[in-house]
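Worksheet: one structure, shown below.
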Amino acid sequence: EPEVTQTPSHQVTQMGQEVILRCVPISNHLYFYWYRQILGQKVEFLVSFYNNEISEKSEIFDDQFSVERPDGSNFTLKIRSTKLEDSAMYFCASSVLDVGSEQFFGPGTRLTVL
Amino acid sequence: SQQGEEDPQALSIQEGENATMNCSYKTSINNLQWYRQNSGRGLVHLILIRSNEREKHSGRLRVTLDTSKKSSSLLITASRAADTASYFCATAPQAGTASKLTFGTGTRLQVTL
């Protein structure tokens, strides 16, 4: 069964460093998302992406964040200068269509900022 | 209460019993989705119910939706130890662009032998 994959599973970085989290959405899906979950808290929406551009972003998704679909399969989230409070589990998700479709999530990347 | 609040926060039952979790939300929705999360792991999609549906089944799962009360419930019948996990509801907005999901706080379910 097709699934969303994410790499790495765990990323440790120093504050101020750039990180890139990678995702491979399900192949026939057209909409892509990033969410994050700080330990013990709710899953929060970061950004949605369709047709090579951002559809919507949350207040969390500031200038330090960017997303890209560099090729036909990968979808990346870049954090330019990490902060301690960026430590969280980051989930990628994809869906076939927009509103009304199931969103399927990847296993997540645990980001630890020291 | 905030969009997507589940209750109870925690539920402990014995194997074979039924588990019911509730979710309340505040704004109009297109659909509501339930997910399971094992400790520290990814989110597994369980079921999607649309705003014009009242009930949906999938295996041992039964989901109801009452849009007049802005609430949903997830029933797991004949629970198993493997059902131990956190369960989240997530709502998709009625209109707009790509459907960002708003997640609830989750119910931690413990199924004991």
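Quick mapping for you: the protein sequence lines, in order, are chains R and V. The opening residue of the first sequence carries number 1 in the numbering used here; numbering runs sequentially from there. The opening residue of the second sequence carries number 1001 in the numbering used here; numbering runs sequentially from there. A virtual CB, placed ideally from N, CA and C, is assigned to each residue, including glycine. Keep in mind it's a predicted model, so treat the numbers as computed, not measured.
Cβ contact check for the region 103-113 of chain R and the region 2-20 of chain R: 3 or more pairs under 8 Å = yes
Report task. Quick one: using the 10 Å Cβ neighbour count with 16 as the cut-off for buried, is S1079(V) buried or exposed? Result -> buried
Item to complete: Please name the residue or residues paired with R1108(V) in a DSSP beta bridge.
Response: A1010(V), S1086(V)
### Task
Report the three-state DSSP secondary structure of D1066(V) (helix, strand or coil).
strand
Review point. Would F1103(V) count as contacting chain R if we go by Cβ distances under 8 Å?
Key: yes
*Tell me which same chain residues have a C-beta within less than 7 Å of the C-beta of Q1002(V), skipping the five on either side of it?*
Reliability of the predicted coordinates at Q1002(V) is poor, the pLDDT of 45 falling under 50, and no value is obtained from them.
Query raised in the report: According to DSSP, which residues form a beta bridge with Y1032(V)?
Result: Correcting the residue type first, residue 1032(V) is Leu in the shown sequence and not Tyr. Paired residue(s): I1049(V), T1091(V).
Margin query: For the region 59-70 of chain R, list every residue whose C-beta sits within 7 Å of some C-beta in chain V, in sequence order.
Written below: none
Are three or more beta carbon pairs between the region 64-81 of chain R and the region 16-34 of chain R nearer than 8 Å? yes
query: When you check each C-beta in the region 1030-1048 of chain V against every C-beta of chain R, which residues fall closer than 7 Å?
result: N1030, N1031, Q1033, R1041, G1042, L1043, H1045, L1048
*asked:* Does the CB of G100(R) have a neighbour CB from chain V at under 8 Å?
replied: yes
message: Within a Cβ cutoff of 7 Å, which residues of the same chain sit near M15(R), ignoring the five residues on either side of it in sequence?
response: T82, K83, L84, V113, L114
Margin query: If contact is defined by three or more beta carbon pairs under 8 Å, each pair taking one atom from either stretch, is the region 1010-1017 of chain V in contact with the region 1053-1065 of chain V?
Written below: no
Residues in the same chain with beta-carbon distance under 6 Å from R1050(V), minus the five sequence neighbours each way, listed in chain order, please.
N1031
Next on the checklist: Residues in the same chain with beta-carbon distance under 7 Å from H1045(V), minus the five sequence neighbours each way, listed in chain order, please.
Outcome noted: Q1033, Y1035
Notebook entry, point to check: Below 8 Å between beta carbons: does that hold for L1109(V) and A1085(V)?
Noted result: yes
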